[in-house]
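Trainee: Heads up: the sequence shown at position 296 corresponds to 298 in our numbering, and the numbers run straight through without jumps.
C-beta: ideal position from N, C-alpha, C; glycine also.
All values derive from a computational prediction rather than experimental measurement.
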Amino acid sequence: MDTPELPGQPFTTAVARDLGLDAPTLFRLVQAGALRHPARDVYVPAAIPDSIELRCRALGLVLPDDAFICDRTAAWLHAGDRALAPNEHLAVPEVSCFRPSDCGRLRNKLVASGEREIRGRDLMTVGGLTVTTPLRTALDLGRLQPTSDLKLHGMDTMLRLGAFSHDQLLQEVPRFNRQRGVVELRALAPLADAGSESFGETALRRRWHGAGLPHPQTQIPVRVDGREVYRLDLGLEELLFASEYEGEQWHGEDRWQYDEERRLWLERERDWAIEVFRKGHVFGLQQDAEPRLRAAYDAARARYGLPRTYFT
Numbered sequence: 003m004d005t006p007e008l009p010g011q012p013f014t015t016a017v018a019r020d021l022g023l024d025a026p027t028l029f030r031l032v033q034a035g036a037l038r039h040p041a042r043d044v045y046v047p048a049a050i051p052d053s054i055e056l057r058c059r060a061l062g063l064v065l066p067d068d069a070f071i072c073d074r075t076a077a078w079l080h081a082g083d084r085a086l087a088p089n090e091h092l093a094v095p096e097v098s099c100f101r102p103s104d105c106g107r108l109r110n111k112l113v114a115s116g117e118r119e120i121r122g123r124d125l126m127t128v129g130g131l132t133v134t135t136p137l138r139t140a141l142d143l144g145r146l147q148p149t150s151d152l153k154l155h156g157m158d159t160m161l162r163l164g165a166f167s168h169d170q171l172l173q174e175v176p177r178f179n180r181q182r183g184v185v186e187l188r189a190l191a192p193l194a195d196a197g198s199e200s201f202g203e204t205a206l207r208r209r210w211h212g213a214g215l216p217h218p219q220t221q222i223p224v225r226v227d228g229r230e231v232y233r234l235d236l237g238l239e240e241l242l243f244a245s246e247y248e249g250e251q252w253h254g255e256d257r258w259q260y261d262e263e264r265r266l267w268l269e270r271e272r273d274w275a276i277e278v279f280r281k282g283h284v285f286g287l288q289q290d291a292e293p294r295l296r297a298a299y300d301a302a303r304a305r306y307g308l309p310r311t312y313f314t
């Protein structure tokens, strides 16, 4: 597909229409990677390097002046595309923005909005826009996202920014007592981990906890002569047992041979036992991650003469 000439800055759907770009064309350009689609009615040419400033310019096109950005949109502003789930850029929700609870609900077809109780320390200014801090964003994502995987992924992503500690996240949870989503926030916040590098890794780690295995280490380094040569997604270094999530984006067909050689070296030369998972093992009706993890964990224990575990 020939790529039409695109603006050198973020633009709205209305601008796209003026340039002769209809909705099907915009969708194809997003699928082809020529455009990014960070918010409803906002597009960014992929040739423009990502930055906080660029994200602010994009959101500023549709954000009402008297609102603050929150939830998934705040996560994207702080962390970029790594805050998104796979393919979320193809069906982007409205901008998530709210007014303080005493100012009234926003009325704008481009935003998902309302009123929300907020404290002064929950907000910050980024590129001229008012946005929830990474900590408050993590707490809101951990309560209000539609699935448990997305809730944990949101907290992982915000924690990875390094703007707050895991202890600080846990200390803030009680302030949401009796509010929507707090029950799952209490359960998931202790599992948040800055070591997760993708949505798939987060989901696999949640299956790990669901299988009843001990708390895993993330991004386990493997060194040769003091130099790190590989990292393992999550595992138990004392048992030399790890699990890896091989997502389509970073582990496509062009990587299969490399991934297999890497895994064989780790198993033969370093005695690691590695259980590999792909999308169908972790997501959907046919997922089998939890029983596979239990079986692999017991096999790893058996190598050291340890008894099998009994899962409840």
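Answer with buried or exposed for Arg272, where buried requires no fewer than 16 other C-beta atoms within 10 angstroms of its C-beta.
Mentor: Label assigned to Arg272: exposed.
Trainee: Report the residue from Glu119, Leu242, Arg57 and Gly62 whose alpha carbon sits nearest the alpha carbon of Asp142.
Mentor: Here the closest residue by C-alpha is Glu119.
Trainee: Less than 7 Å between C-beta atoms, sequence neighbours within five positions excluded: which residues of the same chain meet that for Leu152?
Mentor: Closer than 7 Å at the Cβ level, and outside the excluded window around Leu152, lie Ala87.
Trainee: Below 8 Å on the Cβ atoms is my contact criterion, and I expect Val224 with Arg233 to pass it. Report the Cβ-Cβ distance as a whole number of Å.
Mentor: Correct: roughly 7 Å between the Cβ atoms.
Trainee: Within the continuous alpha helix (DSSP H) that includes His155, where are the two ends?
Mentor: Counting along the chain, the alpha helix (DSSP H) containing His155 begins and ends at Ser150 to Arg162.
Trainee: Which residues in the same chain have their Cβ closer than 6 Å to the Cβ of Gly82, if we skip the five residues on either side of it in sequence?
Mentor: Excluding sequence neighbours, Gly82 sits near Asp52.
Trainee: Whose C-alpha, out of Gly10, Ala48, Gly249 and His80, is nearest the C-alpha of Leu206?
Mentor: If we check each option's Cα against that of Leu206, Gly249 comes out closest.
Trainee: Are the segment 156-174 and the segment 117-137 touching, with three or more C-beta to C-beta distances below 8 Å?
Mentor: Flag = yes, the segment 156-174 and the segment 117-137 touch.
Trainee: On a CA-only basis, which of Asp68, Ala25 and Arg57 is nearest Trp78? Give me that one, please.
Mentor: Looking at the Cα atoms, Arg57 is the closest of the given residues.
Trainee: Mind checking Leu112: buried by the 16 CB within 10 Å criterion, or exposed?
Mentor: For Leu112, the predicted structure reports a pLDDT of 38, less than 50, and the residue's modelled location is therefore unreliable. The matter cannot be settled from this model.
Trainee: Please identify the residue among Ala60, Tyr306 and Arg74 whose C-alpha is closest to the C-alpha of Gly129.
Mentor: Comparing Cα-Cα distances from Gly129 to each of Ala60, Tyr306 and Arg74, the minimum goes to Ala60.
Trainee: Run the CB neighbour count on Glu262, radius 10 Å, all protein chains shown included, and call it buried at 16 or more, exposed below.
Mentor: Under this definition Glu262 is an exposed residue.
Trainee: Which word fits Gly144, buried or exposed, when buried means at least 16 other C-beta atoms lie within 10 angstroms of its C-beta?
Mentor: It counts as buried.
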